[in-house]
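**Student:** For reference, each letter of the sequence shown is one residue, going 17 to 85 in this note's numbering. Next up is a structure, given as structure tokens.
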Amino acid sequence: QAVAAQFDLTEREVEVLQLIATGATNREIAEQLVVSEGTVKNHVSNILSKLGVRDRTRAVLKAFELKLV
């Protein structure tokens, strides 16, 4: 995952980003990854910050652009 490394995304953040791309909510992601919803929110915030985007939709678009999903 050279692109993920370029943006300093952790494996878990890439995983969360891929789940966001499927349309999963924070709660659904939390259940699937067996973590708290708060942890997912932290991951989402980190992803948005690292990708330099404002919201989940733009994060997914950028992820497709970068072929992360």
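Note that beta-carbon positions come from the ideal geometry of N, C-alpha and C, so glycine has one too. Keep in mind the model is a prediction, meaning the values are calculated, not measured.
(1) Output yes or no for whether 8 Å exceeds the beta carbon distance between Leu35 and Ala75.
(2) Kindly say whether Gln34, judged by its beta-carbon, lies nearer than 8 Å to any beta-carbon of chain B.
(3) How many Å lie between Ala21 and Val56 at the Cα?
(4) Considering only the beta carbon of each residue, do Val51 and Leu84 sit closer than 8 Å?
**Tutor:** With the given structure in hand:
(1) Position 19 of the sequence shown, counted from the first residue, corresponds to residue 35. Position 59 of the sequence shown, counted from the first residue, corresponds to residue 75. Not in contact: Leu35 and Ala75 (Cβ atoms no closer than 8 Å).
(2) The displayed structure is made up of one protein chain only, and chain B is not part of it.
(3) By 1-based counting over the sequence shown, the position of residue 21 is 5. By 1-based counting over the sequence shown, the position of residue 56 is 40. Taking the straight line joining both Cα atoms gives about 20 Å.
(4) Walking along the sequence shown from the start, residue 51 turns up at place 35. Walking along the sequence shown from the start, residue 84 turns up at place 68. In this structure, Leu84 does not lie closer than 8 Å to Val51 by Cβ.
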